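The structure appears right after this line, and notes come after that.
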Amino acid sequence: AIFGHCGDETGHKLLLDNMEVKPLLNLGLRLGEGTGAICAYPIVESAILMINEMDNFAHASITKYF
Numbered sequence: 001a002i003f004g005h006c007g008d009e010t011g012h013k014l015l016l017d018n019m020e021v022k023p024l025l026n027l028g029l030r031l032g033e034g035t036g037a038i039c040a041y042p043i044v045e046s047a048i049l050m051i052n053e054m055d056n057f058a059h060a061s062i063t064k065y066f
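Counted from 1, the sequence shown has number 45 at position 45 by the numbering used here; the numbering is strictly sequential.
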C-alpha cells in the first residue's frame, strides 16, 4: 500500500502511526477533497515510469561516463 500524505488532523497521524507506515508527503494539509493524493500521484507515477522505462548504460551504448 502507498500512503500519499499525512494530514494535519491528529487522527490521521495516529492512524498512520498505529499502522506503522510512513506517508510519502507530510505537508500539513487539511483541505480534504483528496489534495494529498493529488500531490503524491506524480511522485508515484514518475517512480513507476523510471523503473519500467529507464534505459541502462549497455542498452544505450554508453561505454564511458564521468
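Just so you know, even glycine gets a beta-carbon here, dropped at the ideal spot from N, CA and C. These figures come from a predicted structure and were not determined experimentally.
| Check | Outcome |
| --- | --- |
| I need the boundaries of the alpha helix (DSSP H) containing K13, first residue and last residue. | 10-19 |
| With contact counted as at least three CB pairs below 8 Å, one residue from each stretch, are the region 26-35 and the region 3-11 in contact? | yes |
| Work out the CA separation of H12 and N52 for me, nearest whole Å. | 32 Å |
| Check for me: the alpha helix (DSSP H) holding S46 runs from which residue to which? | 35-53 |
| Any idea what DSSP makes of L25, helix, strand or coil? | strand |
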